[in-house]
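Participant: Handing you a structure now.
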Amino acid sequence: MCEDSSINITSVHVRKTRVVVDMVYGLVGLAAFALSVVACVFVTCCVCAKKREVNSRRNGKGPTCGLETSRVPTSLSLAEITSATMGFDRNRIVGEGATAKVYKGSLLSGGEVAVKEMERMLITGLACVHPNHVKRPTVKEAARILQGEAPLPALPARKPRVSIRPVFHDDSEEIRNFCAGRFSLELDDVPFMTPNSQFGKD
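For what it's worth, the working numbering labels the leading residue of the sequence shown as 64, then goes sequentially.
Okay, structure coming up:
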């Protein structure tokens, strides 16, 4: 009988130990599960908050940095640009670089834009494609003009006459083959530079 009671006590002790170990494992598992749920909720909240912040900046409702710009270029009409910059008002100038003045513009839709007035670059480009090669600036001169170290070149008030005579010798066979009675050597009807510029109007 004595042996039976010791076996009985030992088995009860083993069962109690097993129950305690099972409870500890259960509590550790429950704590790990609760911790992972809290971590998932935290990450989800952070992602949602970041998305809301990005969406509010896109819609122009949230706080934005003054230097932040849209990375997607937008095509605007000249009328929209003129109204956004209040007719390129001098008070709206944000900065001036070597090639252009930058204006701050406010669109009617509520967005803000930075508009570059590229007069220096445009005039230099037009001077570089002048039909008379003698009047074209050299690459070095064009670079100095673009950097603001040299004055802007003077463009002609009227479109220049385009002639192909300097390309060919006077009585060469090439000029006879080229013209063949169909073309005039003086190409006055060719639009100069841009059709909407002052040079396209006679």
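For each residue, glycine too, the CB sits at the ideal point set by N, CA and C.
Report the CB separation of valine 165 from lysine 179 in whole angstroms; it is logged as a contact under 8 Å.
Facilitator: Position 102 of the sequence shown, counting from 1, holds the residue named residue 165. Position 116 of the sequence shown, counting from 1, holds the residue named residue 179. Indeed they touch by this definition, with Cβ atoms about 5 Å apart.
Participant: Alpha helix (DSSP H) containing alanine 206: first to last residue?
Facilitator: Locating residue 206 in the sequence shown gives position 143, where the first residue counts as 1. Looking at the DSSP string, the run of the alpha helix (DSSP H) that includes alanine 206 is 202 to 209.
Participant: Can you say whether glycine 168 is buried or exposed, counting buried as having 16 or more other CB atoms within 10 angstroms of its CB?
Facilitator: Locating residue 168 in the sequence shown gives position 105, counting from the first residue. Flag for glycine 168 reads buried.
Participant: Using three-state DSSP, classify lysine 113 as helix, strand or coil.
Facilitator: Counted from its first residue, the sequence shown places residue 113 at position 50. Note: lysine 113 maps to helix in three-state DSSP.
Participant: Might you give, ordered along the chain, the residues of its own chain that have their beta carbon closer than 8 Å to the beta carbon of alanine 205, omitting 5 neighbours on each side?
Facilitator: Within the sequence shown, numbered from 1, the residue matching residue 205 stands at position 142. These residues qualify, in order along the chain: Thr187, Ala190 and Cys191.
Participant: Compare the Cα-Cα distances from glycine 173 to each of Lys79, Val104 and Arg121 and report the closest residue.
Facilitator: Taking the first residue of the sequence shown as position 1, residue 173 is located at position 110. Closest by C-alpha distance to glycine 173, out of Lys79, Val104 and Arg121, is Arg121.
Participant: Could you tell me which of Leu141, Asn118 and Val157 sits nearest to glycine 150, measuring between CA atoms?
Facilitator: On the sequence shown, residue 150 is found 87 positions in, with the first residue counted as 1. Checked all of Leu141, Asn118 and Val157; the closest Cα to glycine 150 is Leu141.
Participant: Is proline 216 near proline 194, with beta carbons less than 8 Å apart?
Facilitator: One-based indexing of the sequence shown puts residue 216 at position 153. One-based indexing of the sequence shown puts residue 194 at position 131. Result no, Cβ atoms of proline 216 and proline 194 do not sit closer than 8 Å.
Participant: Using a Cβ-Cβ cutoff of less than 7 Å, which residues in the same chain neighbour alanine 213 once the five nearest sequence positions on both sides are dropped?
Facilitator: As a working mapping, residue 213 is identified with position 150 in the sequence shown. Here the set comprises Glu204 and Arg207.
Participant: Can you tell which of Glu159, Ala95 and Pro219 has its C-alpha closest to the C-alpha of glutamine 210?
Facilitator: Sequence index remark: in the sequence shown, residue 210 carries index 147 (1-based). Cα-wise, what sits closest to glutamine 210 is Glu159.
Participant: What did DSSP end up calling isoleucine 144 once you bin it into helix, strand or coil?
Facilitator: Taking the sequence shown and counting its residues from 1, the one referred to as residue 144 is at position 81. The answer is helix: DSSP assigns isoleucine 144 an H, G or I state.
Participant: Quickly, what does DSSP pair glutamate 159 with across the bridge? List them, please.
Facilitator: Here residue 159 corresponds to residue number 96 of the sequence shown, with the count starting at 1. According to DSSP, glutamate 159 bridges with Lys164.
Participant: Tell me whether alanine 147 is buried or exposed, calling it buried when 16 or more other Cβ atoms sit within 10 Å of its Cβ.
Facilitator: In the sequence shown, residue 147 corresponds to position 84, counting from 1. Flag for alanine 147 reads buried.
Participant: Mind checking who glutamate 175 pairs with in its DSSP beta bridge?
Facilitator: Position 112 of the sequence shown holds residue 175. Looking at the DSSP output, glutamate 175 sits in a beta bridge with Ser169.
Participant: Could you compute how far the alpha carbon of valine 101 sits from the alpha carbon of serine 119?
Facilitator: Taking the sequence shown and counting its residues from 1, one reaches residue 101 at position 38. Taking the sequence shown and counting its residues from 1, one reaches residue 119 at position 56. Cα to Cα, the separation comes out at about 27 Å.
Participant: Report all residues from its chain with a CB closer than 7 Å to the CB of leucine 218; omit the five preceding and five following residues, and keep chain order.
Facilitator: Translated into positions along the sequence shown, residue 218 becomes position 155. Result list for leucine 218: Ile186, Leu189 and Ala190, in chain order.
Participant: What would DSSP say about glutamate 212, mapped onto helix, strand or coil?
Facilitator: Here residue 212 is taken as the residue at index 149 of the sequence shown, counted from 1. The answer is coil: DSSP assigns glutamate 212 none of H, G, I, E or B.
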